[in-house]
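See structure below.
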Amino acid sequence: MTPPFEIIIIGGGCAGLSLAMRLSKFPEEKKVLIVESRSEYRNDRTWCFWGNDSAQMRHLVSHRWESVSLQTPDRKVKVDCRTAPYEMISAETFYSAALQQISQNPCIELATGTALSSEPWKDGNLWRIETSDGQRSGRILIDTRPSLPVHAGEAVLWQSFLGQEIECDASAFDPTSASLMKFLSIEDGRIPFVYVLPFSARRALVEFTVFSPVPLVPDELSQGLELGITAEVGSAKYSVRRTEHGILPMGLTKPTLRAEASSVRVGVSSGGARPSSGFAFQRIQRWAEACAEALLAGEGPVAHTPDSWSLSAMDNLFLRVLRSRPELSPNLYLSLFGVKNPHSLIRFMSDQSTLADCASVALSLPPWPFIAEIPNFLLGRSYKIAGGLST
Ligand SMILES: Cc1cc2nc3c(=O)[nH]c(=O)nc-3n(C[C@H](O)[C@H](O)[C@H](O)COP(=O)(O)OP(=O)(O)OC[C@H]3O[C@@H](n4cnc5c(N)ncnc54)[C@H](O)[C@@H]3O)c2cc1C
Numbered sequence: 012m013t014p015p016f017e018i019i020i021i022g023g024g025c026a027g028l029s030l031a032m033r034l035s036k037f038p039e040e041k042k043v044l045i046v047e048s049r050s051e052y053r054n055d056r057t058w059c060f061w062g063n064d065s066a067q068m069r070h071l072v073s074h075r076w077e078s079v080s081l082q083t084p085d086r087k088v089k090v091d092c093r094t095a096p097y098e099m100i101s102a103e104t105f106y107s108a109a110l111q112q113i114s115q116n117p118c119i120e121l122a123t124g125t126a127l128s129s130e131p132w133k134d135g136n137l138w139r140i141e142t143s144d145g146q147r148s149g150r151i152l153i154d155t156r157p158s159l160p161v162h163a164g165e166a167v168l169w170q171s172f173l174g175q176e177i178e179c180d181a182s183a184f185d186p187t188s189a190s191l192m193k194f195l196s197i198e199d200g201r202i203p204f205v206y207v208l209p210f211s212a213r214r215a216l217v218e219f220t221v222f223s224p225v226p227l228v229p230d231e232l233s234q235g236l237e238l239g240i241t242a243e244v245g246s247a248k249y250s251v252r253r254t255e256h257g258i259l260p261m262g263l264t265k266p267t268l269r270a271e272a273s274s275v276r277v278g279v280s281s282g283g284a285r286p287s288s289g290f291a292f293q294r295i296q297r298w299a300e301a302c303a304e305a306l307l308a309g310e311g312p313v314a315h316t317p318d319s320w321s322l323s324a325m326d327n328l329f330l331r332v333l334r335s336r337p338e339l340s341p342n343l344y345l346s347l348f349g350v351k352n353p354h355s356l357i358r359f360m361s362d363q364s365t366l367a368d369c370a371s372v373a374l375s376l377p378p379w380p381f382i383a384e385i386p387n388f389l390l391g392r393s394y395k396i397a398g399g400l401s402t
């Protein structure tokens with residue numbers, strides 16, 4: 012049987028590879044195994060974040076926008092974000108940088124095309140896993156698998172999106188500004204909008220996104236995407252370079268469990284995603300930094316740091332208002348981004364807010380919908396589970 016590893020990481024996606032990159036500084040005799048079910052890495056997503064001082068991996072950024080906008084059919088808010096631009100890393104750049112760095116340490120083994128076939132179990136002081144390539148064991152287990160299938164009641168709202176990177180035969184985009192939310196009509200508790208990342212006047216990623224109590228599969232989003240692209244490009248002809256789809260939890264309703272001091276569950280379904288936005292890339296980087304530091308110091312693995320009480324209360328209340336009064340959401344978002352000092356909002360969205368930032372964000376919003384939701388929030392009233400979904 013293969014000798015035990017010091018650390019087993021299940022899942023070589025954003026969280027698994029981010030940790031492994033930091034662990035490439037691990038002393039040679041400590042062996043690390045990453046078990047990854049996919050056989051090859053594809054350019055399957057783009058990661059955006061605000062490029063402020065706390066942001067990591069900025070050397071991999073391929074595009075940045077110094078202004079962003081949000082709009083409804085009759086109102087537009089444009090935010091100048093030159094001091095903390097909206098930045099993008101493409102998955103292919105990240106994966107190749109991670110694989111290159113990991114390959115420099117012969118003690119880190121990346122087993123692609125290898126899936127976990129049952130749940131890990133503890134055997135004495137070792138974790139054992141059964142994989143498609145046989146049994147493996149390790150002293151520390153870091154599980155980054157997303158929870159699949161996802162079930163509606165596991166999050167207050169779900170952010171489902173389908174996007175295509177397109178190339179037009181004529182100019183159709185303003186490459187100086189990213190369009191974060193172009194709101195469409197709200198129906199059946201669903202909040203739909205189009206997100207556009209323009210890379211040039213002819214090339215952009217256009218994404219049709221829906222916040223809703225139930226997660227949505229690509230088929231349910233494809234018509235919205237087609238209409239969204241047509242509205243963006245008008246009569247220009249276009250070709251599709253690649254497609255991406257995601258379902259992100261917004262406000263998990265179940266706490267994430269840490270089974271043992273020698274094992275931890277992390278990633279987008281385990282506290283890695285910011286509840287009010289679903290954004291996870293920078294939170295995962297901060298976790299990877301902290302976890303690698305703990306492991307390099309000979310301590311146990313660490314989970315994602317829980318949000319402060321104030322941040323988590325604000326996110327929770329905001330999501331509850333979106334869910335109970337979806338028709339208000341376009342104006343709530345436009346009020347948020349219309350805040351006098353957008354840097355307060357950017358720090359708030361990047362988990363770096365001070366109390367003054369929280370106050371400034373709260374004051375930018377109309378109070379009544381939030382006041383009306385406070386009794387439900389304080390009583391912890393949960394939402395009726397609307398059904399499930401398998402992906
Ligand atoms: C299309 C898309 C766009 C996104 N855009 C942004 C963005 O702009 N900004 C932002 O902050 N966040 C964004 N996110 C959210 C988040 O940052 C990503 O989902 C991120 O990849 C989460 O990292 P993770 O490690 O938790 O999950 P993943 O990156 O999905 O990694 C999990 C890994 O586990 C592997 N795995 C699963 N099951 C098994 C098994 N049984 N055995 C072995 N391996 C297994 C998977 O193959 C995968 O590689 C986006 C997500 C998606 C899907």
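In my numbering, the protein residues as written are 12 to 402. Glycine is no exception: its CB is placed at the ideal position from the N, C-alpha and C atoms. No experiment lies behind these values; they were computed from the predicted model shown.
Assigned with DSSP and collapsed to three states, residue 57 falls in strand. Annotation for residue 189: the continuous beta strand (DSSP E) segment containing it runs 188-194. Residue range 249-263 is occupied by the beta strand (DSSP E) that includes residue 257. Relative to the Cα of residue 312, the nearest Cα in the group 347, 275 and 353 belongs to 275.
Taken through DSSP and simplified to helix, strand or coil, residue 179 comes out as strand. Assignment of beta-bridge partners to residue 120 by DSSP yields 44. The alpha carbon of residue 262 has as its nearest neighbour, out of 78, 202, 290 and 116, the alpha carbon of 290. Contact between the segment 369-388 and the segment 334-346 is present: three or more C-beta pairs spanning the two stretches fall below 8 Å. Straight-line spacing of the CA atoms in residue 73 and residue 121 works out to 26 Å. The shortest CA-to-CA distance from residue 40 to any of 62, 287, 65 and 14 is the one to 14. The shortest CA-to-CA distance from residue 51 to any of 65, 124, 153 and 18 is the one to 124. The count of Cβ pairs closer than 8 Å, one atom from the segment 202-219 and one from the segment 229-248, reaches three, so the stretches are in contact.
Where residue 231 is concerned, the enclosing alpha helix (DSSP H) starts and stops at 229-244.
By the 16-neighbour rule on beta-carbons within 10 angstroms, residue 95 is buried.
In the DSSP assignment, residue 279 forms no beta bridge with any residue.
DSSP links residue 225 through a beta bridge to no other residue. Where residue 113 is concerned, there is no enclosing beta strand (DSSP E), although the alpha helix (DSSP H) around it starts and stops at 102-114. In this structure, the beta-carbon distance from residue 184 to residue 98 does not fall below 9 Å.
Comparing alpha-carbon positions, the option among 298, 310, 292 and 366 lying closest to residue 319 turns out to be 366. Look at residue 256: its beta carbon is less than 8 Å from one of the heavy atoms in ligand 1. Spatial neighbours of residue 333 in its own chain (CB-CB distance under 7 Å, excluding positions within 5 residues in sequence) are listed in chain order as 168, 202, 222 and 340. Residue 133 is bridged by DSSP to 138. Set against 8 Å, the gap from the CB of residue 277 to the closest heavy atom of ligand 1 is smaller. By the Cβ neighbour-count rule, residue 315 is buried, with 16 or more other Cβ atoms within 10 Å of its own.
Fewer than three Cβ pairs drawn from the segment 157-167 and the segment 291-307 lie within less than 8 Å of each other, which leaves the two stretches out of contact.
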